[in-house]
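Each protein sequence line maps, in turn, to chains A and B. Going by the working numbering, the letters in the first sequence line up with residues 7 to 463, in that order. Going by the working numbering, the letters in the second sequence line up with residues 155 to 421, in that order.
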Amino acid sequence: MLSTIAIESLKRRKTTAILTLLSITISISLLLCVDIIRTQVKTSFTRTVSGVDLIVGAPSGQLNLLLSSVFNIGTPTKGIEYKSIAALQSNKQVSWLIPLSLGDTHRGFRVVGTTNSFFDHFKYGDMQSLEMAAGSTFTQPLSTVIGADIAKSLGYKVGDKIIISHGLGSVSFNNHDDHPFTISGIVKKTGTPVDKAVYVTLQGLEEAHTGPKHSPTSMLGRKSADKANEHEHEHEHEHEHEHEHEHEHEHEHEHEHDEHTKEHAVYNSEAFTPESVSVVMLGLKHRVTALQLQYQINQSKKEPLMAILPGMALAELWQIMGNVESLLLGLSGLIVICALIGLATMLLATMRERYQEIAVLRTIGAGPFTLLLLIQIEAMLLTIVSAALSLGLVAGLMSALKPWLSSTYGLFLSSPLFGQSSVIIILLILGCTYLVSLFPAVAAYRRGLHAGLNANS
Amino acid sequence: MNTINKKNSTHSQRNAVSEEHNAVNKERNTAIEVSNLQFSYTKESPPIIDIKAWQVSQGEHVFLSGPSGSGKSTLLNLLCGTLTPTQGDIALLAQPFSTLSNRQRDKFRARSIGVVFQQFNLIPYLSVAQNINAAVYFASTNVSKTASDAKLRHLLDKLQLPSHVLHAKADALSIGQQQRVAIARALINDPQLLIVDEPTSALDTDARDSFMSLLKDVAGESTMIFVSHDKAMESYFDRHCSMSELSPSTNHLKTRGDEAPKAQERA
């Protein structure tokens with residue numbers, strides 16, 4: 007009965023109630039957004055580097071190295087010479103090594119030069135290996151493996167040819183038109199920056215930049231590139247009108263796919279020796295040796311190098327972000343408190359017009375405490391509805407902004423969107439509502455103590 | 155001097171009548187028993203109610219009159235338990251009402267006292283049914299929903315209210331309809347005591363007569379305290395009490411130019 011009275015009372019004051027509801031909803035949404043971004047950034051970043059023990063690059067800052075190598079954010083560091091990579095490869099403590107060459111793009115997506123060892127050893131999330139949704143890993147020097155989001159957003163299929171551009175940014179005037187890469191595989195969705203990256207062979211990337219090397223492997227690459235050039239004209243046309251000739255191209259793709267399979271048997275992407283790479287990811291035989299090896303690498307006199315532990319670099323990132331996080335959370339929290347004070351003010355302002363109903367309720371047996379409860383139920387109802395609306399609003403907003411957040415900030419939202427902290431926030435807001443609503447509730451209680459038969463008194 | 159003597163003699167005569175009536179009431183079941191009741195809003199201010207002794211028998215319909223400020227509403231609030239006496243006792247239906255806790259008093263009021271105001275009887279944003287059901291809810295009796303609904307329909311019939319008003323919002327009804335709904339709400343829990351505070355002041359003579367017959371009819375065996383300025387309504391009731399008689403010391407100054415001469419005339 008009390009909730010019926012509270013609901014009807016709010017319905018009677020619907021304009022003020024709706025405005026109050028709106029302000030609380032917006033403020034809760036803001037707070038939830040800040041919290042979600044905060045927790046999702048951590049989850050997203052942490053799940054991206056689950057299997058990598060050390061990242062080695064040219065000396066810069068450990069954050070720059072981490073962000074450019076793993077998250078494809080920021081500017082890549084200067085290269086590491088091959089001899090240093092070879093030295094690392096031969097280190098007894100190193101189990102596997104993934105070379106990464108950065109700095110190119112394809113239609114705004116980062117291009118990463120690497121070898122098949124990337125697909126064999128890179129782990130994400132809860133130590134999950136990369137899996138192919140279609141096709142296979144590199145089958146020839148001008149092979150490319152693309153992330154799931156690129157395949158989806160650009161409508162690429164295995165066998166399609168793509169051209170990479172020099173430099174970062176979505177628009178580039180320096181295209182490597184003479185070295186089209188053929189998509190050999192599409193990685194299954196990971197919810198990490200892998201989904202937004204184009205992986206090409208180190209050999210192909212170097213050829214695109216400097217022209218082919220005269221090595222047995224590069225010869226294989228040259229052949230494929232020549233073959234690719236023969237089809238270039240028709241495939242350029244395809245890039246302009248990607249979906250127009252799907253059936254026509256299906257046969258070609260099948261044909262090329264057969265070729266890829268044949269070539270995969272002979273192509274060893276690791277056999278190529280690049281002049282330099284941007285970064286190397288290392289997996290160690292024993293994780294405990296990571297600090298020791300990091301020290302060795304950092305002290306190396308042959309070539310100045312920098313090795314970072316991804317976990318420690320992330321910890322540094324969280325430390326830097328911690329203050330901003332606290333500031334944003336604090337501000338959002340204050341906005342919620344302001345909205346709740348607005349709620350209390352609204353209820354308090356209506357108290358005078360409620361004297362009659364308080365008198366009526368008292369005479370039919372409602373105690374002053376019941377009146378206090380009634381006002382609190384009204385406040386709680388408004389906050390609960392606002393919280394529910396906020397959850398819906400934030401879920402909708404995040405789902406709409408998902409592509410933008412991942413492409414612009416490298417933030418991959420993973421479910422569940424609302425975690426323990428969201429629950430804590432909502433419980434805290436309900437607690438604050440209880441406290442703030444005590445002001446009008448106590449006013450009703452006091453009124454109830456003295457409300458007599460004469461409703462006008 | 156003569157006037158003072160005359161007034162004293164009138165008071166002593168009236169006290170004698172009151173004592174005689176109280177003695178009769180003791181033989182019958184007493185609905186209201188007030189003794190040495192004093193009430194003041196602050197400790198410093200003089201009492202605005204000072205009743206030595208007053209009794210109302212069960213089933214008795216009493217007409218209570220007095221000018222504005224004579225303490226009628228305060229007395230009703232004390233009887234309802236929304237105010238607590240500064241001194242003295244009130245026993246309602248053999249319950250020592252003034253010694254009950256606030257919570258017990260609220261519960262007692264919900265179950266045993268029905269109240270009808272002059273106006274603003276209903277919560278305006280609730281429907282008629284919700285207004286009446288609120289009274290059932292606060293009484294928290296064990297009456298089933300079916301029985302309560304049946305009782306409600308019976309009351310509406312008796313009060314000549316069509317059943318569709320049940321779903322209408324209270325403020326969509328006319329004043330007359332609102333008052334009848336207020337009576338239905340006051341009687342829904344079968345209260346033994348009915349307190350009616352100037353319900354006819356907004357009605358014309360015809361409407362007033364019709365309202366009174368309806369009220370007398372539905373009130374049945376309940377004890378009723380009816381408050382009004384309008385002395386013409388005295389005829390509907392078993393007994394008339396004026397505030398100047400009940401609380402002579404507090405009404406002495408207030409009624410000197412108003413109530414006292416009329417009381418003398420009556421004496």
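The beta carbon of each residue, even a glycine, is placed where N, CA and C say it ideally should be. From a predicted model like this one, the values you see are computed outputs, not experimental measurements.
Option nearest residue i by Cα separation, candidates the options
i: B:R257; options: A:L417, A:P374, A:I383; result: A:P374
i: A:I383; options: A:S405, A:R360, A:Y440; result: A:Y440
i: A:Y162; options: A:L148, A:H172, A:S171, A:G141; result: A:G141
i: A:M138; options: A:L395, A:G153, A:G328; result: A:G153
i: A:T121; options: A:D132, A:L148, A:T111; result: A:L148
i: B:P466; options: B:S398, B:T295, B:T240, B:S403; result: Nothing can be reported for residue 466 of chain B: it is not among the residues displayed for chain B, which extend from 155 to 421.
i: B:L233; options: B:P402, B:S364, B:K370, B:L347; result: B:L347
i: A:V117; options: A:I43, A:S74, A:M133, A:K129; result: A:S74
i: A:S489; options: A:L397, A:L407, A:S405; result: No statement about residue 489 of chain A is possible, as the shown extent of chain A runs from 7 to 463 and does not include it.
i: A:A203; options: A:I42, A:L297, A:K158; result: A:K158
i: A:I156; options: A:C438, A:A93, A:P199; result: A:P199
i: A:R358; options: A:R453, A:L423, A:T389, A:V76; result: A:R453
i: A:T216; options: A:V151, A:S412, A:H172; result: A:H172
i: A:L434; options: A:K89, A:T389, A:G402, A:Q134; result: A:T389
i: A:G80; options: A:G67, A:K89, A:A92; result: A:G67
i: A:K129; options: A:S56, A:K17, A:I326; result: A:S56
i: B:L280; options: B:P200, B:A326, B:S224, B:L254; result: B:A326
i: B:S194; options: B:S224, B:A207, B:Q209; result: B:S224
Residue span of the alpha helix (DSSP H) that contains residue i, given as start and end
i: A:D155; result: 154-160
i: A:F115; result: It is not in any alpha helix (DSSP H) - A:F115 instead sits in the beta strand (DSSP E) that spans 115-120.
i: B:V350; result: Segment 347-351 is the beta strand (DSSP E) holding B:V350; no alpha helix (DSSP H) there.
i: A:Q46; result: 20-54
i: A:A365; result: 361-369
i: B:F262; result: 256-266
i: B:V149; result: Residue 149 of chain B cannot be examined here, being either before or after the span of chain B that is shown, 155 to 421.
i: A:V429; result: 426-442
i: A:H127; result: 123-127
i: A:Y88; result: 88-96
i: B:T228; result: 226-234
i: A:Y301; result: 296-304
i: A:V76; result: 68-76
Limits of the beta strand (DSSP E) - the one that residue i falls within
i: B:D363; result: No beta strand (DSSP E) holds B:D363; the alpha helix (DSSP H) holding it covers 359-373.
i: A:Y205; result: 203-207
i: B:A248; result: First-last for B:A248: undefined, no H or E at that position.
i: B:I203; result: 203-211
i: B:A185; result: 184-193
i: B:A301; result: Here B:A301 belongs to no beta strand (DSSP E); instead the alpha helix (DSSP H) covers 299-312.
i: A:I314; result: 312-314
DSSP bridge partner residues for residue i (one or two, in chain order)
i: B:S219; result: B:S396
i: A:G339; result: The partner list for A:G339 (beta bridge, DSSP) is empty, contrary to what the question assumes.
i: A:A140; result: A:I192
i: A:M287; result: A:I61, A:I104
i: B:S281; result: B:K323
i: A:I168; result: A:F187
i: B:V381; result: B:L218, B:D351
i: A:T150; result: A:I189, A:V206
i: B:V270; result: B:V350
i: A:D110; result: A:V117, A:H172
Residue i vs residue j beta-carbon contact at 9 Å
i: A:I431; j: A:L38; result: yes
i: A:G197; j: A:L419; result: yes
i: A:V47; j: A:L387; result: no
i: B:V216; j: B:M366; result: no
i: B:F292; j: A:A372; result: yes
i: B:T238; j: B:Q212; result: no
i: B:L310; j: B:L320; result: yes
i: A:M287; j: A:V58; result: yes
i: A:T26; j: A:A345; result: yes
i: B:D351; j: B:V381; result: yes
i: A:S190; j: A:F115; result: no
i: A:R19; j: A:T376; result: no
i: A:F278; j: A:Q209; result: yes
i: B:K285; j: B:G242; result: Looking at the sequence itself, residue 285 of chain B is Asn, so the reference to Lys does not match. Cβ distance not < 9 Å, so B:N285 and B:G242 don't count as in contact.
i: B:T240; j: B:Q273; result: no
Contact set between residue i and chain C, taken where Cβ atoms lie within less than 9 Å
i: A:E331; result: Considering every chain present, this structure includes no chain C. Its protein chains are A and B.
Legend entry - Touching by the beta-carbon criterion (3+ pairs, under 8 Å), the stretch 53-64 of chain A and the stretch 304-314 of chain A: Output reads yes: the stretch 304-314 of chain A touches the stretch 53-64 of chain A.
Inset, instruction - Would you be able to state if there are at least three C-beta pairs under 8 Å between the stretch 251-270 of chain B and the stretch 341-354 of chain A? - result: The stretch 341-354 of chain A vs the stretch 251-270 of chain B: no contact.
Inset, instruction - Take every Cβ of the stretch 282-296 of chain A, pair it with every Cβ of the stretch 95-114 of chain A, and state whether three or more of those distances are shorter than 8 Å. - result: yes
Inset, instruction - Inspect the CB distances between the stretch 212-230 of chain B and the stretch 382-393 of chain B and report whether three or more fall short of 8 Å. - result: yes
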